[in-house]
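Asker: Straight run, no breaks: the sequence shown in numbering that gives the first Met the number 0 ends on number 148.
Let me begin by handing over the structure; questions about it come next.
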Amino acid sequence: MIVGELCNRIVVFAGPEETVREAARRMRDNHVGDLVVVEKWEVGRVPVGIVTDRDLVVGPLAGGENLDKLRVGEVMSRDIFTAREKDDLEHALQTMRVNGIRRLPVVDGEGVLQGILTLDDVLEHIDEELTDLVQLVAREQAREARQLT
Numbered sequence: 000m001i002v003g004e005l006c007n008r009i010v011v012f013a014g015p016e017e018t019v020r021e022a023a024r025r026m027r028d029n030h031v032g033d034l035v036v037v038e039k040w041e042v043g044r045v046p047v048g049i050v051t052d053r054d055l056v057v058g059p060l061a062g063g064e065n066l067d068k069l070r071v072g073e074v075m076s077r078d079i080f081t082a083r084e085k086d087d088l089e090h091a092l093q094t095m096r097v098n099g100i101r102r103l104p105v106v107d108g109e110g111v112l113q114g115i116l117t118l119d120d121v122l123e124h125i126d127e128e129l130t131d132l133v134q135l136v137a138r139e140q141a142r143e144a145r146q147l148t
């Protein structure tokens, strides 16, 4: 399976000049734990960082900083890892595992944001695959039981 088939195409994002308070509200309103930080380039929105709810809680919120003046670009993680839409899922998972990240923005060949792959997406996919396998085994056992009677 390729990343583009599994990633979520609805990505909640922020600009680096937005306030941390605006970012926190957007996370709350959209029920997400992260925002991909993008800059608008000629080709489209290009990821330049990521900010998570944890970044906000252990950083500016715990430090008592003014959330109306602090900008997303000041607190975002700049070491951003991405996957391309056509990357193999196994390669993306290895990137996540090696770098200790749970979210991976997905880009096209020009680096433009196309989606986001999260650990939750992967776990949901694995759950569906395992459920299908369990149902297959159950049907096969039932068929064998009918043949014996």
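All C-beta atoms, glycine included, are put in the ideal place defined by N, C-alpha and C.
For the candidate residues Arg102, Arg142, Asp78 and Ile125, whose alpha-carbon lies nearest to that of Val11?
Answerer: Among Arg102, Arg142, Asp78 and Ile125, the Cα nearest to that of Val11 belongs to Arg102.
Asker: If distances are taken between C-alpha atoms only, which option among Ser76, Val37 and Cys6 comes closest to Arg53?
Answerer: When only C-alpha atoms are compared, the closest one is Ser76.
Asker: Of the choices Ala137, Asn65, Gln134 and Phe80, whose alpha-carbon is the least far from that of Thr117?
Answerer: Checked all of Ala137, Asn65, Gln134 and Phe80; the closest Cα to Thr117 is Phe80.
Asker: Between the segment 41-60 and the segment 103-112, do three or more beta carbon pairs fall short of 8 Å?
Answerer: Yes: the two stretches touch, three or more of their Cβ pairs being nearer than 8 Å.
Asker: Classify Asp87 as helix, strand or coil using the three-state DSSP reduction.
Answerer: Three-state DSSP puts Asp87 in a strand.
Asker: Locate the alpha helix (DSSP H) running through Arg27, then write down its first and last residues.
Answerer: Val19 to Asn29 is the extent of the alpha helix (DSSP H) around Arg27.
Asker: In chain order, what residues of the same chain lie with their CB nearer than 8 Å to the CB of Val97, ignoring the 5 residues before and after it?
Answerer: Taken in chain order, the list of residues that qualify is empty.
Asker: When the distance is taken between beta carbons, is Ala13 closer than 7 Å to Val154?
Answerer: The structure shown does not extend to residue 154, since the chain is modelled only from 0 through 148, so no value can be given for it.
Asker: Which residues in the same chain have their Cβ closer than 6 Å to the Cβ of Asn29, if we skip the five residues on either side of it in sequence?
Answerer: Counting only Cβ-Cβ distances below 6 Å, and skipping sequence neighbours, we find Val11.
Asker: In terms of residue numbering, what span does the alpha helix (DSSP H) encompassing Arg53 cover?
Answerer: Residues Asp52 to Leu55.
Asker: Assuming contact is defined by CB atoms lying nearer than 7 Å, are Val74 and Gly99 in contact in what I supplied?
Answerer: Contact: no.
Asker: Can you tell me where the beta strand (DSSP E) holding Val184 begins and where it ends?
Answerer: A query on residue 184 cannot be resolved here, the shown segment of the chain reaching from 0 to 148 and no further.
Asker: How long is the line joining the alpha carbons of Cys6 and Asp120, rounded to whole angstroms?
Answerer: Taking the straight line joining both Cα atoms gives about 7 Å.
Asker: Beta-carbon separation of Asp86 and Arg20 under 7 Å?
Answerer: It is not a contact, given that the beta carbons lie outside the stated cut-off.
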